[in-house]
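So that you can map any letter, position 335 of the sequence shown is 419 in the working numbering, and since no number is skipped, the others follow by simple counting.
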Amino acid sequence: MQTTGSTEGFATSITAEGPPCIEEIRAQLERIVSSPEFPGVGRAAAFLRYVVEEAIAGRAGRIKGYSIAIEVFGRNETFTQDDPVVRIEAGRLRRSLERYYLVEGHSDPVRIDIPKGGYVPAFVWNTAVPAKQVEIEPAPAQPSHAKEPWWRAKRVMLAGVVAVVAASGYWISGGLASGPPPRSPGETAPDRPTLVVAPFANLGDGPEAQLYTVGLTEELLTALPRFKEIKVFGRETSKSLAPDVDASKIRDEFGARYLLAGGVRASGNRLRVTARLLDTSDDEILWSQDYDNDVGSGDLFAIQTDVARRVATAIAQPYGVMAQVDAANPPPDDPGAYECTLRFYAYRSELSVEAHAGVLDCLETAVARYPTYATAWAMLSIMYLDEDRFKFNSERGSEPPMQRALRAARRATQLDASNTRGLQALMMALFFNRELTEAMRVGEQALAINPNDTELMGEFGTRLAMGGQWERGAALLDQAIALNPGGGGYYHGTRALAAYMLHDNPTAVREITKADMQKFPLFHAVAAVIYAEAGMMGDARREGETFVRMRPDFLPNVMAELDMRNVQPGDRDRLMAGLRKAGMTLPQNVAGTAAIAVNASYLQSR
85 MQTTGSTEGF ATSITAEGPP CIEEIRAQLE RIVSSPEFPG VGRAAAFLRY VVEEAIAGRA
145 GRIKGYSIAI EVFGRNETFT QDDPVVRIEA GRLRRSLERY YLVEGHSDPV RIDIPKGGYV
205 PAFVWNTAVP AKQVEIEPAP AQPSHAKEPW WRAKRVMLAG VVAVVAASGY WISGGLASGP
265 PPRSPGETAP DRPTLVVAPF ANLGDGPEAQ LYTVGLTEEL LTALPRFKEI KVFGRETSKS
325 LAPDVDASKI RDEFGARYLL AGGVRASGNR LRVTARLLDT SDDEILWSQD YDNDVGSGDL
385 FAIQTDVARR VATAIAQPYG VMAQVDAANP PPDDPGAYEC TLRFYAYRSE LSVEAHAGVL
445 DCLETAVARY PTYATAWAML SIMYLDEDRF KFNSERGSEP PMQRALRAAR RATQLDASNT
505 RGLQALMMAL FFNRELTEAM RVGEQALAIN PNDTELMGEF GTRLAMGGQW ERGAALLDQA
565 IALNPGGGGY YHGTRALAAY MLHDNPTAVR EITKADMQKF PLFHAVAAVI YAEAGMMGDA
625 RREGETFVRM RPDFLPNVMA ELDMRNVQPG DRDRLMAGLR KAGMTLPQNV AGTAAIAVNA
685 SYLQSR
């Protein structure tokens with residue numbers, strides 16, 4: 085076969101027939117991006133299109149992290165390699181392509197890959213042997229080591245390539261329901277990503293700088309362990325290290341995957357803190373940030389507390405740098421129970437019935453193996469709650485899902501009374517059991533324990549708003565968005581509804597367009613109400629029709645839905661008018677209250 089177009093400037097693997105031609109490459113690109121096995125959300129398709137088109141146009145030399153960040157991810161000209169977005173998304177794209185070729189694309193004529201070490205695509209003829217014919221040799225036995233890091237643990241590959249790759253990358257598609265692989269009977273605690281904090285270096289002069297340096301390290305060691313999804317080595321470990329400790333030492337001696345290090349420089353009243361997160365497997369800087377403060381205009385201790393909070397939130401929150409890196413590059417051999425938590429957060433961003441089933445199975449398996457894993461019990465409680473409020477896979481068990489949700493949440497808080505996710509789950513379960521006062525008390529307690537957790541901020545803000553405290557709820561949602569601008573669409577969705585209820589229509593329209601939760605039915609209901617209020621009638625009618633088509637059972641049972649969701653009577657008329665404006669027909673027997681259902685239900689998208 086001869087090429088009919090120039091392939092200069094892109095990587096190819098030449099066979100006896102020559103490389104694929106430009107037309108064949110473009111046809112393969114369209115097969116991939118239109119496949120249900122390829123992510124239909126996020127920017128994977130845009131990323132892939134950009135690098136392919138640049139390569140076949142002979143501009144492979146332009147395919148760098150900087151150009152991708154600008155052209156695909158909308159970063160501005162100040163983008164630096166300290167921003168990990170391109171590396172993270174490239175990891176996700178590679179795994180999406182692996183999955184595609186192992187499932188739907190195994191017999192496609194052309195293979196498109198993004199080789200590691202760069203972003204220039206490779207185009208080859210697809211000569212892969214079908215997965216069922218591939219035999220994998222068992223991995224060689226590894227000597228036991230007490231401090232072997234969890235991501236390096238080896239296991240014997242028992243099945244074909246499909247099973248192995250799907251197990252390592254299943255969180256991306258959300259379509260596989262298998263739980264984590266079995267572990268030895270004696271193990272009671274699951275694997276979590278581990279972090280060591282090195283003492284921050286004093287790069288300035290004078291006692292004040294030294295005091296600030298020691299204090300900041302202490303504040304970090306207080307703030308970081310509040311995030312229960314990670315494990316942080318304690319103060320004694322930190323104090324035993326030098327500020328410039330090698331990442332390889334952390335990996336070899338402690339088995340920790342991450343090292344947080346940095347320095348403090350003082351000059352007059354100016355104080356600059358530099359923090360960086362390193363991957364100990366290869367010494368790569370995953371994230372770094374500078375924080376500048378004027379100690380002459382503020383309390384030194386308040387400043388160090390604020391900086392520690394911001395660092396901890398950036399790297400350790402559920403949608404922070406560590407979670408993104410682990411999600412993009414899950415452990416290759418033994419995902420462990422921690423993988424279930426990554427899938428949980430991916431599900432919370434999507435809120436689809438398909439993802440719900442897989443995550444629920446994974447978490448049930450996790451708590452069966454690790455009955456003292458408080459975070460998994462908390463997440464399981466929220467999954468049970470979603471069975472009831474969203475009608476997701478609600479036929480699964482004989483015990484009512486609300487009872488299971490309460491029982492699992494109480495189990496989480498009994499195991500760990502300070503576990504933020506456990507308190508969040510308990511707050512939610514109490515709220516939907518119409519114990520509003522107690523739910524708000526637990527929410528306040530959780531926020532006091534961990535004021536940096538954006539997952540909690542968004543959820544508590546939603547509950548406050550539903551309880552009639554729209555302004556405070558909106559303020560917490562704004563804080564969650566500011567601390568986690570890349571978080572789930574529900575932040576923007578609930579903030580849009582809060583803006584609508586506060587008669588701030590421009591903000592409502594702006595936020596609902598950012599939410600984009602097409603798989604979640606109640607998103608469409610709120611969008612319809614907001615668009616109708618803004619005079620965007622075509623959009624309002626379209627969203628209303630989509631909502632009714634996706635949830636035809638909702639309006640006929642609107643009173644029961646409202647009772648469960650603690651909807652405040654004062655919000656009813658405004659929402660009812662919005663529903664009617666959007667072209668929805670309310671049942672005659674509930675015409676005066678049906679609008680509340682949409683308000684309440686969408687707020688439960690969290």
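For every residue, glycine included, the Cβ atom is placed at its ideal position computed from N, Cα and C.
Here the structure is a predicted model, which is why all the values come from computation and not from measurement.
Given residue i as reference, the closest of the options once Cα atoms are compared
i: residue 425; options: 130, 276, 645; result: 276
i: residue 549; options: 370, 195, 651, 366; result: 651
i: residue 565; options: 557, 164, 538, 590; result: 538
i: residue 636; options: 502, 443, 474; result: 474
i: residue 533; options: 500, 551, 558; result: 500
i: residue 121; options: 146, 168, 132, 187; result: 187
i: residue 365; options: 552, 431, 113, 339; result: 339
i: residue 281; options: 123, 359, 435; result: 359
i: residue 286; options: 312, 327, 302, 310; result: 327
i: residue 307; options: 592, 563, 392, 428; result: 392
i: residue 313; options: 434, 346, 461; result: 461
i: residue 605; options: 621, 638, 594; result: 638
i: residue 344; options: 174, 386, 525, 325; result: 325
i: residue 311; options: 536, 614, 591; result: 536
i: residue 502; options: 629, 309, 376, 184; result: 309
i: residue 294; options: 356, 594, 609; result: 356
i: residue 394; options: 444, 432, 567; result: 567
i: residue 444; options: 434, 453, 428; result: 428
Contacts around residue i, its chain only, beta-carbon distance under 7 Å, and the 5 residues preceding and following it disregarded
i: residue 465; result: 489, 492, 493, 496, 509, 513
i: residue 540; result: 504, 508, 530, 531, 534
i: residue 155; result: 134
i: residue 582; result: 549, 554, 557, 558, 561
i: residue 390; result: none
i: residue 478; result: 471, 472, 485
i: residue 301; result: 281, 283, 284, 322
i: residue 527; result: 511, 544, 547
Bridge partners - residue i, DSSP secondary structure assignment
i: residue 189; result: None, per the DSSP bridge assignment.
i: residue 461; result: Answer is none; residue 461 lacks a bridge partner.
i: residue 209; result: 194
i: residue 285; result: 347
i: residue 315; result: 278
i: residue 546; result: Paired residue(s): none; residue 546 is not in a bridge.
i: residue 372; result: 360
i: residue 355; result: 350, 377
i: residue 342; result: 279, 363
Neighbourhood of residue i by C-beta, 8 Å cutoff - its chain only, sequence neighbours within 5 removed
i: residue 318; result: 305
i: residue 98; result: Below a pLDDT of 50, predicted positions are generally treated as unreliable, and residue 98, at 36, falls in that range; the measurement from the model is reported next regardless. None.
i: residue 405; result: 168, 361, 370, 371, 398, 399
i: residue 149; result: 165, 170, 171, 203
i: residue 194; result: 104, 108, 109, 111, 112, 207, 208, 209, 210
Burial state of residue i, where buried means 16 or more other Cβ atoms lie within 10 Å
i: residue 580; result: buried
i: residue 544; result: buried
i: residue 522; result: exposed
i: residue 402; result: buried
i: residue 456; result: exposed
i: residue 498; result: exposed
i: residue 449; result: buried
i: residue 601; result: buried
i: residue 158; result: exposed
i: residue 283; result: buried
i: residue 103; result: buried
i: residue 278; result: buried
i: residue 672; result: exposed
i: residue 346; result: buried
Contacting residues, own chain, Cβ-Cβ under 6 Å from residue i (five flanking each side not counted)
i: residue 616; result: 624, 662, 665, 666
i: residue 299; result: 388
i: residue 367; result: 331
i: residue 129; result: 117
i: residue 407; result: none
i: residue 217; result: For residue 217, the predicted structure reports a pLDDT of 33, less than 50, and the residue's modelled location is therefore unreliable. A value from the coordinates is still provided. Around residue 217: no qualifying Cβ.
Below-8 Å beta-carbon distance, residue i vs any chain C residue
i: residue 476; result: Annotation note: the requested chain C is absent from the structure, which comprises a single protein chain.
heavy atom of the ligand MN below 7 Å from residue i C-beta
i: residue 560; result: Only the bare structure without any ligand can be found here, which leaves the ligand MN out of the picture.
Between the region 438-458 and the region 346-355, do three or more beta carbon pairs fall short of 8 Å? No: the two stretches stay apart, fewer than three of their Cβ pairs being nearer than 8 Å.
The region 618-633 contacting the region 451-467, beta-carbon criterion three pairs below 8 Å: Contact between the region 618-633 and the region 451-467 is absent, because fewer than three Cβ pairs lie under 8 Å.
The region 157-174 / the region 138-145 touching (three or more Cβ pairs under 8 Å): Contact between the region 157-174 and the region 138-145 is absent, because fewer than three Cβ pairs lie under 8 Å.
For the region 553-560 and the region 583-595, state whether three or more C-beta atom pairs, one from each stretch, are separated by less than 8 Å. Judged by Cβ distances under 8 Å, the region 553-560 makes contact with the region 583-595, as three or more pairs qualify.
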